[in-house]
Amino acid sequence: MIEELLAENGFVPDIDDDAFGEAYERCPAVQKSMIKNAVSFAYALVQNGTEPVMQTRRLSHVEHSVSCERLEWAFFAMDLRRFPLPAFFSAMVQALVAKVGGIVVHVSGPVTDPFLFGCDFLSVQQVFSSDPRPLVELLAGSGPGICIDLAGINLDYPRTLRPDPAGYGVELAIPDSEYVQAYRAVTSDVSVVGRPYISYGGEPGQAPVVMAERLLGCWAWDVISPDTFRKFTSTFS
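Per the UniProt record's numbering, residue 1 is the first one in the sequence shown, and the count goes up by one each step.
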């Protein structure tokens, strides 16, 4: 277990149970509802994302076999100033669906109640804010894994996915409401203004992803899926 590995090597999460409990109490109900909806939406998109079995097919005179196994760990680096929370939680759902061995989170910058509530809701409580490099070094020695860098901290690990926030802006094309205000509060720390990737309430073609008003706060990644957290091996014979 990743938790045991961290504990045995002296790594204690910087966020304790009391902090999670206090965040749960302080986080407004409407913000909790938005986060739960975002998580439910992410799970709905990958309901067929169960681990595939070995597949074999014949290509003319060549037989191609593909096998896969889950990665041992996933390290998420998050900075609420670069990506909105729904993007982060959607990415974590992909790892959970892939049944990755363990999830470790590092947060740079602000640590908000909605962030802590969402991590707790997903039962991901290995949350750190200190230097991430020793953590990654330890994980790298434990088996194959992946770093999802949404913080731009240049992690030194070969298998690192680092989406550019400049390509993942959000556009709100819906009238003001309590729910819109809740969304703005949950994402208030975002300071990077990227090209519109998701348009809430927009017209088809207005952005790569258009979501109905009722799906405000939901997120669909184009570069992160359950397969991101799996190791595939191809054999040709």
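Beta carbons: idealized from backbone N, C-alpha and C, even for Gly. These numbers were taken from a predicted model, which means no experiment stands behind them.
Tell me the start and end of each unbroken alpha helix (DSSP H) in the stretch 20-75 that is at least 4 residues and wholly inside, in chain order.
29-45
In the structure shown, what three-state DSSP assignment does PHE11 receive?
Here residue 11 corresponds to residue number 11 of the sequence shown, with the count starting at 1. Coil at PHE11, not helix or strand.
Among LEU6, ASN37, ILE174, which residue has its Cα nearest to the Cα of GLY202?
Translated into positions along the sequence shown, residue 202 becomes position 202. The residue with the shortest Cα to Cα distance from GLY202 is ILE174.
With H, G and I counted as helix, E and B as strand and the rest as coil, what does DSSP make of ALA151?
Mapped onto the sequence shown, residue 151 falls at position 151. If DSSP states are grouped into helix, strand and coil, ALA151 belongs with coil.
Assuming TYR197 contacts GLY169 (C-beta within less than 8 Å), just tell me the rounded distance between them.
Translated into positions along the sequence shown, residue 197 becomes position 197. Translated into positions along the sequence shown, residue 169 becomes position 169. Going by Cβ atoms, the distance from TYR197 to GLY169 rounds to 6 Å, so yes, they are a contact pair.
How about ASN9 and LEU155: are their beta carbons less than 8 Å apart?
Position 9 of the sequence shown, counting from 1, holds the residue named residue 9. Position 155 of the sequence shown, counting from 1, holds the residue named residue 155. No, these two residues do not count as a Cβ contact at 8 Å.
What does DSSP give as the partner residues of PRO204 in its beta bridges?
Counting from one through the sequence shown, the residue named residue 204 turns up at place 204. Per DSSP, none; premise fails for PRO204.
Would you mind working out which of ASP113, SER90, VAL127, THR112 sits nearest HIS106, comparing C-alpha positions?
For the purposes of this step, residue 106 is taken as residue 106 along the sequence shown, with counting starting at 1. For the residues ASP113, SER90, VAL127, THR112, the minimum Cα distance to HIS106 belongs to VAL127.
Since ASP189 and LEU80 are thought to touch, with beta carbons under 8 Å apart, how far apart are those beta carbons, to the nearest angstrom?
Stepping through the sequence shown from its first residue, residue 189 is reached at position 189. Stepping through the sequence shown from its first residue, residue 80 is reached at position 80. Sure, about 4 Å apart at Cβ, within 8 Å.
Would you report the Cα separation of GLY205 and VAL223, rounded to the nearest angstrom?
Translated into the one-based positions of the sequence shown, residue 205 becomes position 205. Translated into the one-based positions of the sequence shown, residue 223 becomes position 223. Taking the straight line joining both Cα atoms gives about 19 Å.
My understanding is that VAL100 touches ARG58, with C-beta atoms under 8 Å, so please give their C-beta distance in whole angstroms.
Here residue 100 refers to the residue found at position 100 when the sequence shown is read from its first residue. Here residue 58 refers to the residue found at position 58 when the sequence shown is read from its first residue. By a beta-carbon distance limit of 8 Å, VAL100 does not contact ARG58. Their separation comes to about 32 Å.
Under the assumption that ALA182 contacts GLN31 (Cβ atoms under 8 Å), give the Cβ distance between them as a whole number of angstroms.
What you label residue 182 is simply residue 182 of the sequence shown in a count that begins at 1. What you label residue 31 is simply residue 31 of the sequence shown in a count that begins at 1. Yes, ALA182 and GLN31 are in contact; Cβ-Cβ is about 5 Å, under 8 Å.
Going residue by residue through the stretch 79-134, where are the continuous beta strand (DSSP E) segments of at least 3 residues, counting only ones entirely within it?
As far as the stretch 79-134 is concerned, its whole beta strand (DSSP E) runs of at least 3 residues are 103-108.
Anyone know if the C-beta pair for ALA74 and ILE15 falls short of 8 Å?
The residue you call residue 74 lines up with position 74 of the sequence shown. The residue you call residue 15 lines up with position 15 of the sequence shown. The Cβ atoms of ALA74 and ILE15 lie no closer than 8 Å to each other.
Can you tell me which of the three DSSP states ILE2 falls into?
The residue given as residue 2 occupies position 2 in the sequence shown. Correct three-state label for ILE2: helix.
Ends of the alpha helix (DSSP H) at GLU178?
Here residue 178 refers to the residue found at position 178 of the sequence shown. 178-186 is the span of the alpha helix (DSSP H), which, as asked, contains GLU178.
So, are the CB atoms of PHE236 and HIS64 less than 8 Å apart?
Here residue 236 is taken as the residue at index 236 of the sequence shown, counted from 1. Here residue 64 is taken as the residue at index 64 of the sequence shown, counted from 1. It is a contact, given that the beta carbons lie within the stated cut-off.
Nearest by alpha-carbon distance to LEU6: which of PRO226, LEU215, GLU171, ALA140 is it?
Sequence index remark: in the sequence shown, residue 6 carries index 6 (1-based). The shortest C-alpha separation from LEU6 is found at ALA140.
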